[in-house]
Amino acid sequence: MSTKNPVRWYNLVAPLYDFAVSGVYTGARRETAKQLHLKPGLTVLDVACGTGENFQYLIDGIGSRGMVIGTDFSKNMLARAKQKIPSNQWGNVHLLQADAQTLSIKNIKSGLSLPKLQVDRILCTLGYSVMPKWEKVFERTWDILEPGGRYAIMDWHASKPTFYTRIVDRVAASDIGRRWWEALERSSVDYLKETIVNPAFHGMVFVVSGTKPV
Ligand SMILES: C[S@@+](CC[C@H](N)C(=O)[O-])C[C@H]1O[C@@H](n2cnc3c(N)ncnc32)[C@H](O)[C@@H]1O
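As structure tokens, this is what we get:
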């Protein structure tokens with residue numbers, strides 16, 4: 005396993021991913037959806053969506069008139085997300101395999117054959133600590149977000165490495181030393197940061213969000 009090639013790692017662990025994380029992040033995902041200020045009919049982009057563990061929380065907020073676009077670079081993680089669509093009757097979920105650092109309105113539109121596209125909300129959960137070019141991912145996706153739209157990130161951060169943080173990084177192919185919230189804090193208005201209370205997280209899982217200025 006290598007943090008330099010997390011996609012290879014996630015292709016490998018995709019069959020076990022839901023079993024490993026199921027239930028662990030429920031509160032954190034709910035808080036992320038809450039901070040997005042979802043409304044019926046909105047379009048939400050889930051960056052590095054993995055197996056689609058956020059989708060139900062998003063659909064609960066945007067309803068059947070809204071749209072969820074899930075993108076991930078791992079074919080096997082996306083295949084798991086795809087399997088969930090029919091059983092959950094998610095007729096408004098679209099999936100795109102893409103490197104998050106290359107995302108743009110143009111390539112999402114052409115990748116999904118959408119005649120038009122406005123992205124009202126963006127989230128990335130447990131992705132910034134994993135994606136090697138995370139700063140570029142923020143730049144690209146911030147550009148995609150409609151002015152006035154909200155952006156939320158949920159992830160791990162530890163200021164100092166410990167035995168525990170090394171285990172987290174090893175298991176998740178991550179680097180939780182990254183200060184992944186700073187660009188959003190700088191760029192947004194109404195910035196909010198919440199620590200997720202869960203004994204397993206040791207105070208190291210946060211949800212941050214902010215609004216793109218109009
Ligand atoms: C820890 S998983 C998080 C999945 C999901 N967001 C969740 O909350 O369960 C990290 C995800 O980042 C994806 N990923 C890694 N590098 C990526 C990249 N360059 N572009 C898009 N996705 C990437 C992996 O394939 C994996 O699905």
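In the working numbering, the protein residues as written are 5 to 218. Even for Gly, the Cβ is constructed at its ideal location relative to N, Cα and C. Being a predicted model, the structure only gives us computed values, none of them experimental.
query, result
"With 16 other Cβ atoms within 10 Å as the buried cut-off, status of SER192", "buried"
"Beta-carbon spacing of ALA156, GLN39 below 8 Å", "yes"
"For VAL134, the three-state DSSP class (helix, strand or coil)", "coil"
"Whole-angstrom C-beta distance between THR36 and THR129, which should lie under 8 Å", "6 Å"
"The segment 39 to 51 touching the segment 86 to 94, judged by at least three CB pairs closer than 8 Å", "no"
"Selected residue, minimal CA-CA separation from ARG182, among TRP160, GLU198, ILE200 and TYR195", "TRP160"
"Inter-residue Cα distance where the pair is PHE59 and THR30", "12 Å"
"Residue environment, LEU16, which counts as buried when at least 16 other CB atoms sit within 10 Å", "exposed"
"GLU189 in three-state terms, based on DSSP", "helix"
"Nearest-angstrom Cα separation, counted from MET158 out to SER26", "16 Å"
"Supposed contact pair GLY65 and ALA85 - C-beta distance, whole angstroms, cut 8 Å", "Contact doesn't hold; Cβ gap of about 18 Å is too wide."
"Proximity of ALA177 and VAL141 at Cβ, strictly below 8 Å", "no"
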